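So in the numbering used here, spot 675 of the sequence shown is number 705, and the numbers just go up one at a time.
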Amino acid sequence: MRRVSALLAGCAVLLAHPALAAAPADAAAAPDAAAPDVAGESGPAIIVLGTGQTRQTQEIKTADLAVLASGTSPLKAIEKLPSVNFQSADAFGNYEWSTRVTIRGFNQNQLGFTLDGIPLGNMSYGNNNGLHVSRAISPENIGVTAVSQGSGAIDTQSTSNLGGTLEFKSIDPAELLRDHHVALDASGSYGSAQTWRGFGRVAVGTPDGVRGFASLQYQDGNKWKGDGQQRTLMTNVKFIAPAGSVNLEGWYSYSDRVEQDYQDMSLEMIGRLGYDWDNFGPHQYALAVKVADVGANTGYTGVTPTNPSAGTTYPGKITSADDAYYDAAGLRRDWVYAFGASGPLNDKITFNIKTYYHHNRGQGLWGTPYVASPSGVPMSVRTTEYDIKREGVFGDVSADLGKNKITVGGWVENNDFQQARRFYGLTSRTVAGIDFHHFLTNPFYTQWAMAYNTKTYQYYVMDDVDLGALKLNLGWKGFDVENKASKLAAQSTLATGSLKARDWFQPHAGLTYKLGGGAELFAGFTQVTRAFTADATSSPFSTTQAAFGAIKANLKPEESDTYEGGLRINQGPFNAVLGGYLVNFRNRLLTIPTSLGIVGAANVVQNVGNVRSYGLEAVANYKLPYGFALFASYSYNNSTYRDNVVTTSGTKLTAGKTVVDTPKHLARGEISYDSSTFFGRVAVNYMSKRYFTYLNDQSVPGRALVDGTIGYRLDVGQRTPLELQVNGNNLLNKRYVATIGSNGFGFSGDAQTLLAGAPRQVFVTLKAGF
31 MRRVSALLAG CAVLLAHPAL AAAPADAAAA PDAAAPDVAG ESGPAIIVLG
81 TGQTRQTQEI KTADLAVLAS GTSPLKAIEK LPSVNFQSAD AFGNYEWSTR
131 VTIRGFNQNQ LGFTLDGIPL GNMSYGNNNG LHVSRAISPE NIGVTAVSQG
181 SGAIDTQSTS NLGGTLEFKS IDPAELLRDH HVALDASGSY GSAQTWRGFG
231 RVAVGTPDGV RGFASLQYQD GNKWKGDGQQ RTLMTNVKFI APAGSVNLEG
281 WYSYSDRVEQ DYQDMSLEMI GRLGYDWDNF GPHQYALAVK VADVGANTGY
331 TGVTPTNPSA GTTYPGKITS ADDAYYDAAG LRRDWVYAFG ASGPLNDKIT
381 FNIKTYYHHN RGQGLWGTPY VASPSGVPMS VRTTEYDIKR EGVFGDVSAD
431 LGKNKITVGG WVENNDFQQA RRFYGLTSRT VAGIDFHHFL TNPFYTQWAM
481 AYNTKTYQYY VMDDVDLGAL KLNLGWKGFD VENKASKLAA QSTLATGSLK
531 ARDWFQPHAG LTYKLGGGAE LFAGFTQVTR AFTADATSSP FSTTQAAFGA
581 IKANLKPEES DTYEGGLRIN QGPFNAVLGG YLVNFRNRLL TIPTSLGIVG
631 AANVVQNVGN VRSYGLEAVA NYKLPYGFAL FASYSYNNST YRDNVVTTSG
681 TKLTAGKTVV DTPKHLARGE ISYDSSTFFG RVAVNYMSKR YFTYLNDQSV
731 PGRALVDGTI GYRLDVGQRT PLELQVNGNN LLNKRYVATI GSNGFGFSGD
781 AQTLLAGAPR QVFVTLKAGF
């Protein structure tokens with residue numbers, strides 16, 4: 031039940047985040063800035079455990095991403111952190127249809143994401159308000175990935191961060207240049223599924239003056255099963271230019287991505303067809319037509335039969351027209367521009383400001399047997415089409431008043447989003463004539479086409495109070511978000527109108543207290559409201575006009591209260607955190623389909639009650655002598671629905687049930703070694719059972735995955751001229767379900783909403799720097 035998952039559920043310059051700019055010495059650090067690296071016996075830390083923070087937070091540095099297979103998503107790098115549940119059906123963690131990250135029971139739509147402060151929206155597949163980080167920046171250009179398992183920093187440009195924030199920060203060109211004026215980096219990779227990737231970057235300038243870099247990335251490879259490719263072309267450009275005491279900073283990125291999809295599975299399908307079952311693909315077009323003919327002849331698809339001679343018996347082990355489709359793919363092109371400035375206004379006041387623009391064009395393609403082509407071919411190509419044009423500005427002013435540092439900031443965005451459902455014809459029973467690698471034009475039918483506008487106004491006030499051993503962080507944020515929907519096609523039957531979410535006071539409070547000996551206590555409270563979104567497939571507008579009119583007056587935005595606290599220890603080579611939390615989540619919104627997702631009927635969206643989550647998080651990093659290091663994390667989470675759900679088919683007894691896609695136990699451990707020449711790492715990733723129905727009658731078992739890295743450096747100097755690295759993912763070749771909920775979650779019963787995880791794969795990378 032493909033592509034309708036959303037129903038269920040020249041180079042321009044811009045300024046990167048001011049925190050990355052070379053700020054003047056007297057500029058005060060941001061209140062939630064990460065603690066500096068703590069050197070152990072083996073050098074600087076690559077994982078920072080949030081020393082000085084009033085909430086649970088960790089940072090992953092560049093080195094921890096570089097040890098993974100070249101091109102790996104930064105989301106995969108953070109899966110080692112407590113309470114972070116990351117899933118993807120591919121080895122790199124980039125395949126967007128399958129990529130999911132949840133934190134403390136909150137799903138991806140309830141988290142906040144930024145790149146150098148630029149809002150990425152909720153990074154969902156059919157995203158209406160941003161883009162995925164893997165389309166915004168190449169992994170080699172990421173300097174820091176910061177994870178806040180609570181609701182995140184108060185100054186985050188997000189209206190969806192109920193349960194956590196991920197802040198990606200691009201690398202400063204100064205880190206590439208050191209004492210050079212030109213620096214070149216290049217890498218080439220090859221591995222399983224004929225995957226190859228090239229990356230090149232040139233940095234120019236002086237470390238403390240005008241500086242910048244430009245990079246180019248290209249990756250192409252076959253799917254690990256089935257017929258199809260996954261391909262990315264991306265370029266990034268960044269500059270920093272001091273102008274007196276002010277830093278100017280710019281950013282540009284372009285991404286062109288093509289991903290042919292894996293087939294969504296059910297538990298029954300996995301048992302009958304195996305983990306390696308997939309869509310037919312371009313080389314089995316005739317078989318796809320035959321299956322569609324049988325589906326029409328049996329009445330299963332509702333298509334008028336045009337080939338009775340095909341009979342009513344499916345070939346082989348196939349028992350349904352939904353077992354496999356001809357093909358499916360996701361096409362995305364993105365342009366991101368930003369420009370900003372930061373610096374002091376005087377010896378006590380500093381400012382940051384940045385403006386940005388994002389344009390996205392996308393198509394999700396699916397070969398559907400449920401609508402025939404005008405030629406009589408018993409299937410067609412259905413698309414969900416996207417066009418985003420966002421522009422915004424954000425910034426802050428901070429005053430250092432001694433014991434108090436007061437910051438006032440704001441964010442404004444205008445987002446014009448268009449979405450359409452169209453159908454394109456197939457002209458032959460023997461040759462497809464449509465390439466799923468390219469955007470389609472000239473549809474024979476438009477089911478609906480809608481335009482959505484979202485205006486966001488957000489502000490925050492924060493006071494960082496320094497009382498010596500005791501530090502307080504107090505403040506609040508507020509927003510006003512208005513969504514509007516209108517028709518682009520007269521035949522559209524989806525809802526139009528407007529919807530507003532407003533909450534001018536969302537309090538944040540926290541403290542840290544130094545106990546001495548590198549130990550500190552931390553505690554915090556945050557209250558966050560999530561604004562509504564606007565699209566045709568999952569928002570309150572994804573229903574009929576009558577249904578929207580019935581729910582609008584009583585619909586409430588989701589809210590969360592997070593209480594957390596714990597102990598940190600930072601003693602040279604040993605760093606650890608032990609924390610606990612309680613989250614009360616109110617006004618949960620649930621998208622309830624009125625038919626099978628594949629049919630594309632309208633939804634019903636309603637508030638269905640509350641959720642309570644509590645848990646324990648522990649993480650430790652120990653740097654041993656002689657280049658060895660140990661890392662371990664564990665988290666326990668108990669998230670349950672507090673209310674039953676009333677639907678048109680009766681009351682669903684969800685109260686007391688575990689939240690879907692929320693494993694109770696997550697554990698990660700790794701041992702690494704790094705000398706001047708050899709380096710390596712072995713990591714184990716454990717996740718316990720996950721439910722994919724609200725009534726908890728269907729689940730996938732826990733799994734433990736083992737990954738490894740080994741490498742060798744030649745002629746080590748200030749910059750490493752040559753490095754050979756070998757990465758092995760899923761070394762024990764575990765067959766398992768990776769993503770659950772790819773087509774959303776149902777109340778009960780098995781469903782085609784699972785994606786198999788990649789088997790053992792090996793990649794070799796050669797890196798050079800000059």
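By construction, the Cβ of each residue, glycine as well, lies at the ideal position given by its N, Cα and C atoms.
On a predicted model such as this, the values are computed, not experimentally measured, just so you know.
Beta-carbon contacts of residue i that lie in its chain and below 6 Å, excluding the five residues immediately before and after
i, result
"Tyr356", "Phe310, Ala318, Gly397"
"Ser100", "Ser217, Ser219, Arg227, Thr795"
"Asp565", "Asn158, Gln449"
"Asp591", "Gln557, Asn614"
"Val131", "Leu105, Phe116, Gln138"
"Ala648", "Leu608, Tyr664"
"Lys797", "Ser217, Glu753"
"Gly370", "Leu45, Glu279, Ile383, Lys384"
"Asp446", "Lys419, Asn483"
"Leu246", "Gly230, Thr265"
"Tyr284", "Thr265, Trp365"
Strand pairing of residue i, partner residues [DSSP]
i, result
"Glu588", "Beta-bridge pairing links Glu588 to no other residue."
"Ser428", "Thr380, Thr437"
"Ile581", "Partner(s): none; Ile581 has no beta bridge."
"Glu289", "Gln260, Gly360"
"His313", "According to DSSP, His313 bridges with nothing at all."
"Lys253", "Answer is none; Lys253 lacks a bridge partner."
"Thr621", "Val635"
"Met492", "Thr437, Gly505"
"Tyr344", "Tyr344 pairs with nothing; no bridge assigned."
"Asn605", "Asn600, Asn651"
"Ala244", "Val232, Val267"
"Ser178", "Thr87, Thr195"
Whole-angstrom distance between residue j and residue i, CA atom to CA atom
i, j, result
"Gly194", "Ser113", "10 Å"
"Asn327", "Pro338", "6 Å"
"Ser718", "Gly699", "15 Å"
"Phe708", "Ala271", "37 Å"
"Arg287", "Tyr593", "40 Å"
"Gly710", "Ala650", "19 Å"
"Leu98", "Lys433", "43 Å"
"Val407", "Ala316", "11 Å"
"Val411", "Thr457", "11 Å"
"Asn715", "Asp120", "16 Å"
"Phe658", "Ser178", "27 Å"
"His211", "Trp254", "42 Å"
"Phe661", "Tyr652", "6 Å"
"Ala64", "Ala368", "Low per-residue confidence applies at Ala64: pLDDT is 36, beneath 50, and the placement is therefore not dependable, though the value from the model is reported in the following sentence. Near 23 Å, if we compare the C-alpha coordinates of Ala368 and Ala64."
"Ala96", "Ile770", "28 Å"
Cβ shell of residue i (< 7 Å), same chain only, five flanking positions each side left out
i, result
"Pro312", "Asp257, Asp357, Ala462"
"Thr189", "Thr486, Gln488, Phe509, Val511, Arg560, Ala561"
"Ser729", "Lys719, Arg720, Tyr721, Phe722"
"Leu735", "Asn715, Asn760, Lys764"
Contact set for residue i: own chain, Cβ-Cβ below 8 Å, skip 5 residues either direction
i, result
"Phe469", "Leu361, Arg391, Gln393"
"Ser405", "Gly455, Leu456, Thr457, Ser458"
Within-8 Å CB hit, residue i to chain C
i, result
"Gly508", "The displayed structure is made up of one protein chain only, and chain C is not part of it."
Could you tell me whether the region 203-216 touches the region 782-792, where touching means 3 or more Cβ pairs closer than 8 Å?
-> Contact between the region 203-216 and the region 782-792 is absent, because fewer than three Cβ pairs lie under 8 Å.
Three CB pairs or more closer than 8 Å across the region 162-175 and the region 467-484 | The region 162-175 vs the region 467-484: no contact.
Unbroken alpha helix (DSSP H) runs of length 4 or more, entirely within the region 507-590: which are they?
-> Those alpha helix (DSSP H) runs which fall completely within the region 507-590 and span 4+ residues are 575-582.
Taking only runs of the beta strand (DSSP E) that begin and end inside the region 705-785, which ones reach a length of at least 3 residues, in chain order?
-> Segments of the beta strand (DSSP E) lying fully in the region 705-785: 708-717, 733-744, 752-759, 767-770.
3 or more residues per run - each beta strand (DSSP E) lying fully within the region 640-717 = Every beta strand (DSSP E) of 3 residues or more that sits fully in the region 640-717 is shown, in chain order, as 641-653, 658-671, 675-677, 680-682, 695-704, 708-717.
Is the region 136-153 touching the region 118-125, taking contact as three or more C-beta pairs under 8 Å?
-> Result no; under three Cβ-Cβ pairs closer than 8 Å.
Per the contact definition of three or more C-beta pairs closer than 8 Å, is the region 529-536 in contact with the region 491-510?
-> Yes, the region 491-510 is in contact with the region 529-536.
Between the region 569-576 and the region 598-607, are three or more C-beta pairs nearer than 8 Å?
-> Taking 8 Å as the limit for Cβ pairs, the verdict is that the region 598-607 does not touch the region 569-576.
Can you check the region 181-239 for any alpha helix (DSSP H) of at least 4 residues that lies completely inside it and give the ranges in chain order?
-> With a minimum length of 4 residues, the continuous alpha helix (DSSP H) runs that stay inside the region 181-239 are 203-207.
Examine the Cβ distances between the region 288-306 and the region 768-784 and report whether three or more of them are shorter than 8 Å.
-> Between the region 288-306 and the region 768-784, the count of Cβ pairs shorter than 8 Å is three or higher; the stretches touch.
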